[in-house]
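Beneath this line is the structure, given in structure tokens, with notes to follow.
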Amino acid sequence: MRIFKNKWFAKFARKEGISDARLREAVSEIESGRIDADYGGGVIKQRIARTNEGKSGGYRSVILYQRGNKAFFVYGFAKSERDNIDEDEERGFKDLAKVTFSFSEEELAKLVERGVYKEIKGDDPKKNLQE
1 MRIFKNKWFA
11 KFARKEGISD
21 ARLREAVSEI
31 ESGRIDADYG
41 GGVIKQRIAR
51 TNEGKSGGYR
61 SVILYQRGNK
71 AFFVYGFAKS
81 ERDNIDEDEE
91 RGFKDLAKVT
101 FSFSEEELAK
111 LVERGVYKEI
121 KGDDPKKNLQ
131 E
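As structure tokens, this is what we get:
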């Protein structure tokens, strides 16, 4: 499973102190079938806990997800700031998923090289949650 975050999400995660290990943990939960909300079309909403707190008051992330293949963190928000994404945003994320999952490996590599996406490395989601 390859995991990526877009430039916007990387900035959001950095500002909120969300580590790459927490993002890997969220994808691991999805892979295990523990999905918070599946909008269809490859769009998932997954909760991410705040450091030393639970998930209920934490963060929500929108992930473009292909089982066993790739996950792209594209949007996030604090539960205290808003309840959910709206229907227009949902449609937009579904359209984005179609485009994103059509990228060849070469196209994706170029997008990573240009800084549009950053690949999240590592394979142990439980290790270094504070990284």
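For the sequence shown, full-length UniProt numbering assigns the number 1 to the initial residue and increments by one for each residue that follows. Here a beta-carbon is modelled for each residue, glycine too, at the ideal position from N, C-alpha and C. What you are looking at is a predicted structure, and each value in this text was computed from that prediction instead of being measured.
query                                                                                                                                           : result
Measuring CB atoms only, is the region 31–39 touching the region 15–23, in the sense that at least three cross pairs come out at less than 8 Å? : no
Residue 122: which of 82, 27 and 10 sits nearest, CA to CA?                                                                                     : 27
Quickly, what does DSSP pair residue 45 with across the bridge? List them, please.                                                              : 37 and 62
Of all the options 82, 66, 104 and 30, which has the alpha carbon lying nearest to the alpha carbon of residue 58?                              : 82
Rounded to whole angstroms, what's the CA-CA distance from residue 89 to residue 69? Just pull it up for me.                                    : 24 Å
In angstroms with no decimal places, state the Cα-to-Cα distance between residue 74 and residue 63.                                             : 6 Å
Taking residue 74 as part of the beta strand (DSSP E), name the residues at either end of that continuous run.                                  : 70–78
Would residue 5 be called buried (16 or more neighbouring beta carbons within 10 Å of its own) or exposed?                                      : buried
Nearest to residue 50 by CA position, among 33, 80, 110 and 117, is which residue?                                                              : 80
Could you check the C-alpha separation between residue 127 and residue 102 for me, to the nearest Å?                                            : Model confidence at residue 127 stands at a pLDDT of 44, short of 50, so the residue's coordinates are unreliable and nothing is read from them.
From residue 32 to residue 67, what distance separates their C-alpha atoms?                                                                     : 10 Å
Here's the rule: buried if 16 or more other CB atoms are within 10 angstroms of the residue's CB, otherwise exposed. What is residue 109?       : exposed
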